[in-house]
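Student:
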Amino acid sequence: MRYFGLIVTFLGCIISSCSSTEMDQKRDVQEKGDGYYPQKWELVKLTGTIVTGNDMAWEEYYELFKDGTFRKSRTYQGKTTEKEGTYTIISSPEVDYLEFTYTSNNNLIGNCSPESKEFLKLNGPNELISTWWACDGPGLFYEKVD
3 MRYFGLIVTF LGCIISSCSS TEMDQKRDVQ EKGDGYYPQK WELVKLTGTI
53 VTGNDMAWEE YYELFKDGTF RKSRTYQGKT TEKEGTYTII SSPEVDYLEF
103 TYTSNNNLIG NCSPESKEFL KLNGPNELIS TWWACDGPGL FYEKVD
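Take the position in the sequence shown, starting the count at 1, then add 2; the result is the number in my numbering.
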């Protein structure tokens, strides 16, 4: 019984260490229930000079699927390009990221290295922000639309 009390106390500490908002946003992306997938995250704002809506140079979105795969689609000058791969959630006490790993290197990848990966910061339950601007790429802001 003594060990049971220690286990319950330990679990209580772990659960209370995350705020309910943090837990909600992680659960929103991680949850594998039918009500959550597929998810669509659409590009809504570019920075440099802030551009939104129809003024953006291209349209873009990510679709996240229940099995841990994704599709990224970009339409630029009337031509649509799509690439696929897998995603994982990287959690830390300070921030959560989605890591997108592509099946091959391609021109849709916006990152600071030659790897076939992108990292997007989960900034609340309905916003992702690209980390590309850390190395002079544009700031890319995505909102969940599905």
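Just so you know, even glycine gets a beta-carbon here, dropped at the ideal spot from N, CA and C.
Please report the residue range of the beta strand (DSSP E) in which LEU100 lies.
Tutor: 98-104 is the span of the beta strand (DSSP E), which, as asked, contains LEU100.
Student: For GLY87, is the classification buried or exposed, using 16 other Cβ atoms within 10 angstroms of its Cβ as the cut-off for buried?
Tutor: The residue in question, GLY87, is buried, as its Cβ has 16 or more Cβ neighbours within 10 Å.
Student: Who pairs with SER93 in a beta bridge, going by DSSP?
Tutor: Answer is ASP98.
Student: Does the Cβ of ILE112 have 16 or more other Cβ atoms within 10 Å, making it buried, or fewer, making it exposed?
Tutor: In the sequence under discussion, the amino acid at residue 112 is Gly, which differs from the Ile named in the question. By the neighbour-count rule (16 or more Cβ atoms within 10 Å), GLY112 is buried.
Student: Starting from GLN41, follow the beta strand (DSSP E) in both directions and report where the run begins and ends.
Tutor: Its beta strand (DSSP E) spans residues 41-48.
Student: Assign GLY87 to one of three DSSP states: helix, strand, or coil.
Tutor: Strand, per DSSP.
Student: Tell me THR54's beta-bridge partners as DSSP assigns them.
Tutor: Partner(s): LYS47.
Student: Identify, in the order they occur along the chain, each residue of the same chain with its Cβ nearer than 6 Å to the Cβ of LEU122, setting aside the five sequence neighbours on each side.
Tutor: Result list for LEU122: LEU100, LEU130 and SER132, in chain order.
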